[in-house]
Amino acid sequence: MNTIQVKDKVFKPFISSEKIQEAICRIAQQMNNDLADKNPIFICVLNGAFMFAADLYKEINIDSEITFMRMKSYEGTQTTGHVKAISGLMENIEGRNVVVIEDIVDTGYTMVSIIEQLKEKGAADVKIATLLHKPEACKVENLKLDYVAIEIPNAFIVGYGLDYDELGRNLKDIYVIAE
Ligand code: IMP
């Protein structure tokens with residue numbers, strides 16, 4: 002793996018595709034054990050989590066469904082600031098056991114808002130599966146992440162679905178910004 006350039010920034014190799022797959026298999030096994038009789042509905046948060054969701058779902062062997070949604074940004078009031086609303090979720094999730102599939106939890110604001118909105122839509126239970134977690138960047142309290150594939154330090158990364166200005170999502174491995 003070599004250093005790469007995406008737009009104006011240089012990134013260096015960080016997590017190989019083999020390590021990513023290993024970590025995904027580990028959390029998929031936990032989910033197969035924990036959720037066997039729950040008939041969960043997995044909800045992939047587009048765009049970033051599409052690759053993770055595809056690889057994760059191939060390892061899930063219990064009765065379950067998968068669907069997709071986006072978080073759409075809009076300007077809130079002065080007090081609420083920058084708000085993101087769920088968009089494009091077609092399924093009725095009332096009374097369902099939901100598992101959110103997210104690419105990365107950084108400050109945690111997005112995830113808190115996702116959980117709140119899914120509960121408002123009537124989900125019986127909301128569990129979180131994230132490929133990456135930056136614990137040092139967390140700005141919210143009491144955010145329970147049920148399945149974390151890989152913890153990383155607070156640095157900007159691209160690859161495996163994650164982008165820098167919409168580029169770099171196609172990379173098989175994950176790269177970190179070079180200082
Ligand atoms: P949060 O609300 O701060 O937790 O941000 C979550 C969202 O920010 C993720 O779903 C990503 O889209 C984006 N994000 C956070 N950190 C990175 C990164 O290092 N690379 C690419 N996108 C990131």
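In case it helps, this note's numbering puts the sequence shown at residues 2 to 180. By construction, the Cβ of each residue, glycine as well, lies at the ideal position given by its N, Cα and C atoms. No experiment lies behind these values; they were computed from the predicted model shown.
Within 7 Å of the C-beta of Asp-107 there is at least one heavy atom belonging to the ligand IMP. For Thr-111, the uninterrupted alpha helix (DSSP H) segment begins and ends at 110-121. A distance below 7 Å between beta-carbons, with the five flanking residues on each side excluded, links Val-159 to the following residues of its chain, in chain order: Val-7, Phe-12, Tyr-165, Gly-169, Leu-172 and Tyr-176. Distances taken from the Cβ of Phe-53 to the heavy atoms of the ligand IMP include none shorter than 7 Å. Relative to the ligand IMP, the beta carbon of Ile-151 is positioned no closer than 7 Å to any heavy atom.
Within 7 Å of the C-beta of Ile-116 there is not a single heavy atom belonging to the ligand IMP.
In this chain, the alpha helix (DSSP H) harbouring Asn-34 covers 18-35. In the three-state scheme derived from DSSP, where H, G and I count as helix and E and B as strand, Asp-56 is classed as helix. Between Thr-68 and Leu-90 a beta carbon distance of about 7 Å is seen, short of the 8 Å cut, so the two are scored as contacting. Short of 8 Å from the beta carbon of Leu-119, and not among the five residues preceding or following it, lie these beta carbons of its own chain, in chain order: Ile-44, Ile-87, Ile-94, Val-99, Val-101 and Val-127. The beta carbons of Asn-33 and Ile-61 sit about 6 Å from each other, so the pair counts as a contact at 8 Å. By the beta-carbon neighbour count (other beta carbons within 10 angstroms, threshold 16), Tyr-75 is exposed.
In this structure, the alpha-carbon of Ile-5 lies about 43 Å from that of Lys-39.
Under the three-state reduction of DSSP, Ala-130 is assigned to strand.
Taking 7 Å as the cut-off, one finds no heavy atom of the ligand IMP near enough to the beta carbon of Gly-96. Scanning its chain for C-beta atoms nearer than 7 Å, with the 5 sequence neighbours on each side dropped, one finds around Phe-51 the residues Cys-45 and Gly-162, in chain order. One alpha carbon belongs to Pro-14, the other to Thr-108, and they sit about 23 Å apart.
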